[in-house]
Each structure stands twice: as structure tokens, then as C-alpha cells.
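Notes for the one structure printed next.
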Amino acid sequence: MRRDRDSLCGFALYEVLIGVTIFAIGVLTLGRSVENCMNASALSTQEDRVRQILANQMAEIQATPGAPDEKKERKFDTGYGPITVVQQSIPAEMKTENNLEVRGINRVTLTAKWARSGVNQERRLEFYVYRAG
């Protein structure tokens, strides 16, 4: 009779060990999920800053009188590292329905370059600027 009682107690110990193991795996998985959420939040914030820098540069170019610079490079320091914005402007070769060339329209390309965890990232924005004259 004593042997049966000891085997039942041993079985209960295995159940506890299995339960603790499952709990530990769950805690580790939860920690990994929280880490992924924090990384996604940081990436989203960094992307928002890049978009804001590009939008500000576009507004500045549109508000500045005269033709945009052909090539210009600016660096911005953010909390996530430096961002380099390269501006390129070329005349847009546009024609009307009557095949007349439209003058005074430039196609401006803004390219933001930065590094995220050692991997180079790039975002590009193209728009047109009209200057009469």
C-alpha cells in the first residue's frame, strides 16, 4: 500500500514542474511580445519624424520665391540619429494638349537617408513647383 501512495505524490510533483515550465514559457513569450511592441513604437516614431522633416522641407521649397535649387543637401539631427535630406530639382518637360511646352514647372525630389540598426533606410518625396516667369 505504501508504494502506491509514494507514486501518487511523485506524480503530483511532475504536474507542478510541468505547470511551472508552462508558466515560465508564457512569461518569456509575454516579455518578447512587449519588446516587439516597444520596437514597433520606436520605428513608428522614427518614420513620423522623417515624414515631418520631408513635409517641412516641401513647404519651405514651395514658400520660397524663385526657382528651387538644382541640388542641395541638408542634415538634421533627431533623437534617433542623423537624417540627410538631398534635394534635386529638374525642369519638368510638360506639354499641353496642343503640344506646347509649359515652362516654369520644376519637379523636385526630396530623398531622406538614415540608418536604422546599421541598415540604410531611404524615403523619397516628389512634387512639382511652378514659378511664373
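Numbering (the numbering used here), first residue to last: 1 to 133.
Here a beta-carbon is modelled for each residue, glycine too, at the ideal position from N, C-alpha and C.
Exercise. Do S89 and G108 come within 7 Å of each other at the CB atom, strictly closer than that value?
Worked result: As a working note, residue 108 is residue 108 in the sequence shown. As a working note, residue 89 is residue 89 in the sequence shown. One point to set straight first is that residue 108 is Val, not Gly, in the sequence displayed. Cβ distance < 7 Å, so V108 and S89 count as in contact.
Exercise. Which partner residues does F23 have in the DSSP bridge list?
Worked result: Position 23 of the sequence shown, counting from 1, holds the residue named residue 23. F23 pairs with nothing; no bridge assigned.
Exercise. Hey, out of P65, T84, V119, R124, whose CA is closest to A132's CA?
Worked result: Walking along the sequence shown from the start, residue 132 turns up at place 132. Cα-wise, what sits closest to A132 is P65.
Problem set entry | Reduced DSSP category for Q88 - H, G, I as helix; E, B as strand; rest coil | The residue you call residue 88 lines up with position 88 of the sequence shown. If DSSP states are grouped into helix, strand and coil, Q88 belongs with the strands.
Exercise. When the Cα of G118 is compared with those of A55, P82, E93, K72, which residue comes out closest?
Worked result: Within the sequence shown, the letter at position 118 stands for residue 118. Comparing Cα positions, the closest option is P82.
Problem set entry | 7 Å Cβ cutoff met for Q57 and V85 | Within the sequence shown, numbered from 1, the residue matching residue 57 stands at position 57. Within the sequence shown, numbered from 1, the residue matching residue 85 stands at position 85. In contact: Q57 and V85 (Cβ atoms closer than 7 Å).
For this session: Take R74 and list the residues in its own chain whose beta-carbon comes closer than 6 Å to its own, dropping the five residues that flank it on each side.
Result: Sequence index remark: in the sequence shown, residue 74 carries index 74 (1-based). For R74, where only same-chain residues beyond five positions count, the Cβ hits under 6 Å are V85.
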